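A.B. asks: In the working numbering, the protein residues as written are 2 to 254. A single structure is presented below for examination.
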Amino acid sequence: MKQPIIEINDVNFTYDRQKVLEDINITIEQGSFVGLVGPNGSGKTTLLKCLLGLLKPQQGEIKLFGQTIQKFKDWHKVGFVSQKANSFNTGFPASVFEVVSSGLTSKLGLFKFMSPKDRKHVDEAIEAVGLGKFAKRNIGELSGGQQQRAFIARAIVSNPRLLILDEPTVGVDAQTVQNFYEMLTHLNRDLGITLILVTHDVGTITDKVTHVACINKHLHFHGNSREFELLKDDEMSDFYGHSLHVLTHDHSH
């Protein structure tokens with residue numbers, strides 16, 4: 002068995018006396034690519050905030066890399082990409098290289114100069130997301146999909162072993178989304194980064210991810226993507242609380 006990177010045990014979270022998460026148990030192994038799905042208001046973002054140490058569950062325990070989250074200090078091992086629109090002022094006068102290098106701040110400190118090795122890491126992160134020829138371009142001149150790639154490069158520049166993405170394709174066109182998922186597959190398979198992707202895009206992800214976790218206050222399903230595809234439509238509708246038809250895609254890569 003591979004080393005578990007995330008262990009969530011009996012986690013409960015209540016907000017304003019309302020149970021948002023109830024008895025959540027999930028183990029995510031190193032090298033997995035997990036699609037975290039569920040309807041709006043199902044607790045997905047709350048679970049992410051608990052994982053990132055931003056919220057503390059009232060009950061239960063979360064471990065990252067074998068350590069309880071209270072004792073965990075190696076945050077450079079964890080990269081996070083939020084929905085772009087909420088997190089960045091695209092009028093900010095910075096090049097792609099500068100935006101990506103800002104991901105080294107936690108490692109280097111705010112006013113440390115980058116060594117040649119650091120600059121090489123930035124170049125490699127930009128190449129990994131397919132933006133090599135845009136390194137000197139102002140971030141505001143890029144398309145929405147390209148900006149999201151730059152934010153992913155910023156998240157992976159410190160060589161994290163876990164990358165968490167919160168609905169990164171909101172507002173991005175279909176073709177860009179397809180390319181985007183292929184890039185995530187590359188980060189997972191070729192660079193060995195464990196990924197958690199929060200998404201509404203249930204059908205599109207099933208041939209990209211290795212596992213699916215479906216949350217709607219409770220954990221309704223957690224298994225590999227093939228098992229998820231075999232679920233009946235009415236079982237899915239029970240999870241979501243409304244009718245849902247999962248469109249699955251061609252599995253030839």
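All residues carry an ideal CB built from backbone N, CA and C; glycine is no exception. These numbers come from a predicted model, not from an experiment.
Does the region 97-104 come into contact with the region 137-152, if we say contact requires no fewer than three beta-carbon pairs (one atom in each stretch) closer than 8 Å?
C.D. replies: The region 97-104 vs the region 137-152: in contact.
A.B. asks: What are the boundary residues of the alpha helix (DSSP H) that E183 is part of?
C.D. replies: Start and end: 175-190.
A.B. asks: Hey, how far is the Cα of G36 from the Cα of V203?
C.D. replies: Their Cα atoms are separated by approximately 8 Å.
A.B. asks: Using 10 angstroms around the beta-carbon of D1, count the other beta-carbons present and answer buried if the total reaches 16, otherwise exposed.
C.D. replies: Because the chain spans 2 through 254 in this model, residue 1 falls outside it and cannot be assessed.
A.B. asks: At what residues does the beta strand (DSSP E) containing G224 begin and finish?
C.D. replies: 219-225 is the span of the beta strand (DSSP E), which, as asked, contains G224.
A.B. asks: Given this structure, state the Cα-to-Cα distance separating K64 from I7, to the nearest angstrom.
C.D. replies: Approximately 6 Å, taken between the alpha carbons.
A.B. asks: Of the residues E183, K72, Q19, which one's Cα is nearest the Cα of A129?
C.D. replies: Cα-wise, what sits closest to A129 is E183.
A.B. asks: Less than 6 Å between C-beta atoms, sequence neighbours within five positions excluded: which residues of the same chain meet that for A154?
C.D. replies: Excluding sequence neighbours, A154 sits near V101, A126, I127, V130.
A.B. asks: Indicate whether the contact test is met: 3 or more Cβ pairs, each with one atom in the region 68-81 and one in the region 174-182, closer than 8 Å.
C.D. replies: No: fewer than three Cβ pairs fall under 8 Å.
A.B. asks: Taking only three categories from DSSP, how would you classify G46?
C.D. replies: Looking at the sequence shown, residue 46 is not Gly but Thr. It is helical.
A.B. asks: Drop a sphere of 10 angstroms on the beta-carbon of P58, count the other beta-carbons inside from all chains shown, and report buried for 16 or more, exposed for fewer.
C.D. replies: Buried, because 16 or more other Cβ atoms sit within 10 Å of the Cβ of P58.
A.B. asks: Going straight from the alpha carbon of S33 to that of V213, what length do you get?
C.D. replies: Using only the alpha carbons, I get a separation of about 10 Å.
A.B. asks: Under 8 Å Cβ to Cβ from N87, same chain only, skipping five residues before and after it: list those, please.
C.D. replies: Reliability of the predicted coordinates at N87 is poor, the pLDDT of 45 falling under 50, and no value is obtained from them.
A.B. asks: Nearest-angstrom Cα distance between F14 and G133?
C.D. replies: If I take the Cα positions, the gap works out to 42 Å.
A.B. asks: Classify P40 as helix, strand or coil using the three-state DSSP reduction.
C.D. replies: Looking at P40 - three-state DSSP - the assignment turns out to be coil, as it is neither helix nor strand.
A.B. asks: So what does Q60 bridge to, in DSSP terms?
C.D. replies: N13, per the DSSP bridge assignment.
A.B. asks: Give me whichever residues DSSP pairs with G32 in a beta bridge.
C.D. replies: According to DSSP, which records beta bridges pairwise, G32 is partnered with nothing at all.
A.B. asks: Enumerate in chain order the residues of its own chain whose CB-to-CB distance from A136 is below 6 Å, with the five nearest sequence positions on each side excluded.
C.D. replies: Same-chain partners within the cutoff: V97, F98, I127.
A.B. asks: Over the uninterrupted beta strand (DSSP E) stretch that includes V199, give me the two end residues.
C.D. replies: Per DSSP, V199 belongs to the beta strand (DSSP E) from 195-199.
A.B. asks: Determine the extent of the beta strand (DSSP E) in which F135 is found, giving its start and end residues.
C.D. replies: Unbroken run through F135: none, as it is neither H nor E.
A.B. asks: Below 7 Å between beta carbons: does that hold for E62 and H219?
C.D. replies: It is not a contact, given that the beta carbons lie outside the stated cut-off.
A.B. asks: Find the nearest neighbour of G104 within the set T211, H122, P94, F222, judged by alpha-carbon distance.
C.D. replies: Among T211, H122, P94, F222, the Cα nearest to that of G104 is on H122.
A.B. asks: Candidates G42, R18, I9, K20: which alpha carbon is nearest G54's?
C.D. replies: Of the candidates G42, R18, I9, K20, the one whose C-alpha sits nearest the C-alpha of G54 is I9.
A.B. asks: Could you check if L116 is buried or exposed, using at least 16 other CB atoms within 10 Å of its CB as the buried criterion?
C.D. replies: Reading the sequence as shown, one finds Ser at residue 116 and not Leu. Answer is exposed; the Cβ neighbour count stays below 16.
A.B. asks: Report all residues from its chain with a CB closer than 8 Å to the CB of T69; omit the five preceding and five following residues, and keep chain order.
C.D. replies: Cβ within range, chain order: E62, I63.
A.B. asks: Determine, using beta carbons only, whether V82 and A151 come nearer to each other than 7 Å.
C.D. replies: Cβ atoms of V82 and A151: not closer than 7 Å.
A.B. asks: Report the three-state DSSP secondary structure of V158 (helix, strand or coil).
C.D. replies: In the structure shown, V158 sits in coil (DSSP, three-state: anything other than H, G, I, E or B).
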